[in-house]
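Below you'll find the structure, written out as structure tokens, and then a few comments.
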Amino acid sequence: MGADQEALDVLIVGAGAAGLWCAEVAARGGRDVVVLEKVSRTGTKVLASGGTRCNLTTTLGPSEAARLFGTRGERFLRSGFRNLPPAEVRRRFEGWGVPTEEAPLEKVFPASGNAKDVRDALEAAARGAGARIHLDSGAQSIEREGALWVVRSADGEVRRAAALVLAVGGKSYPKTGTTGDGYAWLRDLKLELVPPVPALVPLTSGEAWVHELTGIAWQGGEARVEDPAGRVLERRQRPLMFTHRGVSGPGAMDLSHHVARGASEGAGFQLRVDFFPGLDREDLRAQLVASAGLPGAPRLQRALGSLTTGPMPRRLFDAVATSAQLQGDIAVNGLDRRSRHALVEAMKGLPVPVDGTVGWDHAEVTAGGLALREVNPRSMAVNQCPGLFVVGELLDLNGPIGGLSFQAAFATAQLAGEALSAAGRA
Ligand SMILES: Cc1cc2nc3c(=O)[nH]c(=O)nc-3n(C[C@H](O)[C@H](O)[C@H](O)COP(=O)(O)OP(=O)(O)OC[C@H]3O[C@@H](n4cnc5c(N)ncnc54)[C@H](O)[C@@H]3O)c2cc1C
Numbered sequence: 078m079g080a081d082q083e084a085l086d087v088l089i090v091g092a093g094a095a096g097l098w099c100a101e102v103a104a105r106g107g108r109d110v111v112v113l114e115k116v117s118r119t120g121t122k123v124l125a126s127g128g129t130r131c132n133l134t135t136t137l138g139p140s141e142a143a144r145l146f147g148t149r150g151e152r153f154l155r156s157g158f159r160n161l162p163p164a165e166v167r168r169r170f171e172g173w174g175v176p177t178e179e180a181p182l183e184k185v186f187p188a189s190g191n192a193k194d195v196r197d198a199l200e201a202a203a204r205g206a207g208a209r210i211h212l213d214s215g216a217q218s219i220e221r222e223g224a225l226w227v228v229r230s231a232d233g234e235v236r237r238a239a240a241l242v243l244a245v246g247g248k249s250y251p252k253t254g255t256t257g258d259g260y261a262w263l264r265d266l267k268l269e270l271v272p273p274v275p276a277l278v279p280l281t282s283g284e285a286w287v288h289e290l291t292g293i294a295w296q297g298g299e300a301r302v303e304d305p306a307g308r309v310l311e312r313r314q315r316p317l318m319f320t321h322r323g324v325s326g327p328g329a330m331d332l333s334h335h336v337a338r339g340a341s342e343g344a345g346f347q348l349r350v351d352f353f354p355g356l357d358r359e360d361l362r363a364q365l366v367a368s369a370g371l372p373g374a375p376r377l378q379r380a381l382g383s384l385t386t387g388p389m390p391r392r393l394f395d396a397v398a399t400s401a402q403l404q405g406d407i408a409v410n411g412l413d414r415r416s417r418h419a420l421v422e423a424m425k426g427l428p429v430p431v432d433g434t435v436g437w438d439h440a441e442v443t444a445g446g447l448a449l450r451e452v453n454p455r456s457m458a459v460n461q462c463p464g465l466f467v468v469g470e471l472l473d474l475n476g477p478i479g480g481l482s483f484q485a486a487f488a489t490a491q492l493a494g495e496a497l498s499a500a501g502r503a
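Its first residue numbered 78, the sequence shown is counted upward by one per residue in the numbering used here.
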């Protein structure tokens, strides 16, 4: 479209999870929708998601799911998740021919186990509703011109639109096309931006003893992240895995945004691992005392193993024992009161120093983005910019692993699509 051509009705930038969903809703609601996508296919991140199985939402109810986004996130997402609950996301996909199934840890996948089915359904639904999608047409700049938004893109076109939806995602996994293009535009519009940091990403540690635990996984623990003053910022009960660089697994990745934010501000954070979250300190002490009273009192590693479903791996036990300043795998009845106390403390909060994350290339999402106070949580309209909407990961929202990121992308896109449909009817 040249400069003298008629303005578009709705222009959506980004054909990912949020952009496609919003396109479908707005087009079905009667708006004339054009979508610009930077790369040569839609939904690249959808295709890569969930190990190419796409954990597309959660089995949690809307309030529980919103709560996982922290206080501000919960307040912001409450109406969106009520408007499009996870169960409705599943129904929508089922209606598009993609039945879903539940998996452990509150996950929902397409029954086919194939992320491509999710991406294809989103694209077909958007196109079927009438949206026109232009691939290899990355937006390069956006600006306001009177009542219109002007978007210049890589296909050489200059498009004007009455309503503009930014759905360009964050800056994690840049090889998928999401290179953080939206942040500069938001800054140019003088909107408040919470500095983006990588999230849902493995953590690094400079401690050799942590690297020596490479390959050890712990299923039933709880990790908590502490700031340099020892304040607990968040806890998460999910599997952990030690790696040659630090700690990974959902338990560590879910907390990674705090560590990334701390590292970006030069603060050293610490994970503490509670290996027995189901037992409080008193229970543990009592169990150790009881084991010590058994005939032929077992050694510590065996005694600790009997408190969980399986034995504690030797290297992990050694790390716990070292932290408690014990002389290796002694018999339980060899523990005096002080060393029993130290052991209980190490089991309920092994300190694991972490100094950062493995970075953007491996981060599933971006934490930070457009400050939520800039956006109307019922419509995703940007308060100071008439006709501008922001949806999906470009917003300062981040939840844990488990289909929550897609749920947030779909719910915010749904609200914007509905607001656009209503404005079209007005
Ligand atoms: C490896 C991996 C696995 C994941 N697994 C899961 C999972 O199982 N469950 C879950 O809930 N979440 C998962 N996520 C996170 C999830 O993919 C994102 O949170 C979600 O895709 C965000 O949706 P979005 O539409 O906001 O952004 P995206 O889906 O990233 O879409 C943004 C789109 O905008 C396009 N774009 C960027 N810049 C421009 C531009 N200048 N002009 C035009 N288009 C542009 C991009 O190419 C992209 O198509 C995973 C992420 C990764 C990287």
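Even for Gly, the Cβ is constructed at its ideal location relative to N, Cα and C.
7 Å CB neighbourhood of residue 167 in its chain, flanking five on each side removed: As a position in the sequence shown, residue 167 is number 90, starting the count at 1. 134, 177, 185.
Per DSSP, the bridge partner or partners of residue 407: Here residue 407 corresponds to residue number 330 of the sequence shown, with the count starting at 1. Looking at the DSSP output, residue 407 sits in no beta bridge, so it has no partner there.
Where the alpha helix (DSSP H) through residue 327 begins and ends: One-based indexing of the sequence shown puts residue 327 at position 250. Counted as a single uninterrupted DSSP element, the alpha helix (DSSP H) harbouring residue 327 occupies residues 327-330.
Neighbour-count burial assignment, residue 78, 16 or more Cβ in a 10 Å radius: Along the sequence shown, one-based indexing puts residue 78 at 1. Because the pLDDT at residue 78 is just 46, under 50, the model does not fix this residue reliably, and the value given afterwards should be weighed accordingly. Of the other Cβ atoms in all chains shown, fewer than 16 fall within 10 Å of the Cβ of residue 78; this residue is therefore exposed.
Span of the beta strand (DSSP E) around residue 318: Taking the sequence shown and counting its residues from 1, the one referred to as residue 318 is at position 241. Run containing residue 318: 317-319, per the beta strand (DSSP E) assignment.
Cβ contact check for the segment 477-496 and the segment 144-163: 3 or more pairs under 8 Å: With a cut-off of 8 Å on Cβ pairs, the segment 477-496 is in contact with the segment 144-163, counting three or more such pairs.
Rounded C-alpha distance that separates residue 286 from residue 396: Numbered from 1 along the sequence shown, position 209 holds the residue referred to as residue 286. Numbered from 1 along the sequence shown, position 319 holds the residue referred to as residue 396. Rounded to the nearest angstrom, the two C-alpha atoms are 7 Å apart.
Per-residue burial, residue 289 [other beta carbons within 10 Å of its own, 16 or more giving buried]: For the purposes of this step, residue 289 is identified with residue 212 of the sequence shown, where counting begins at 1. It counts as exposed.
Cβ-heavy atom distance, residue 126 to ligand 1, below 7 Å: Within the sequence shown, numbered from 1, the residue matching residue 126 stands at position 49. Indeed, a heavy atom of ligand 1 lies less than 7 Å from the Cβ.
Pairwise C-alpha distance: residue 325 and residue 305: Stepping through the sequence shown from its first residue, residue 305 is reached at position 228. Stepping through the sequence shown from its first residue, residue 325 is reached at position 248. If I take the Cα positions, the gap works out to 21 Å.
Cβ-heavy atom distance, residue 451 to ligand 1, below 7 Å: Here the question's residue 451 lines up with position 374 in the sequence shown. Checking the 7 Å criterion, the Cβ of residue 451 is out of range of every heavy atom belonging to ligand 1.
Outcome for residue 235 when other beta-carbon atoms lying within 10 angstroms are tallied against a minimum of 16: Here residue 235 refers to the residue found at position 158 when the sequence shown is read from its first residue. So residue 235 ends up on the exposed side.
Close beta carbons around residue 198, own chain, < 8 Å, minus the five adjacent residues each side: Position 121 of the sequence shown, counting from 1, holds the residue named residue 198. Answer for residue 198: 170, 173, 174, 175, listed in chain order.
For residue 289, the residue or residues it bridges with in DSSP: As a first step, residue 289 is located in the sequence shown; it is residue number 212 there, counting from the start. Residue 289 pairs with nothing; no bridge assigned.
Residue 365 - containing alpha helix (DSSP H), residue span: Here residue 365 refers to the residue found at position 288 of the sequence shown. Start and end: 358-369.
Environment of residue 486 [buried if 16+ CB atoms lie within 10 Å]: Position 409 of the sequence shown, counting from 1, holds the residue named residue 486. With 16 or more other Cβ atoms within 10 Å, it is buried.
Buried versus exposed call for residue 473 [16 or more other C-beta atoms within 10 Å across all chains shown]: As a position in the sequence shown, residue 473 is number 396, starting the count at 1. It is buried - the Cβ of residue 473 has at least 16 other Cβ atoms within 10 Å.
Straight-line gap, residue 232 to residue 317 (C-alpha atoms, nearest Å): Within the sequence shown, the letter at position 155 stands for residue 232. Within the sequence shown, the letter at position 240 stands for residue 317. One C-alpha to the other measures close to 45 Å.
Any non-hydrogen atom of ligand 1 closer than 7 Å to residue 250 Cβ: In the sequence shown, counting from the first residue as 1, residue 250 sits at position 173. At least one heavy atom of ligand 1 falls within 7 Å of the beta-carbon of residue 250.
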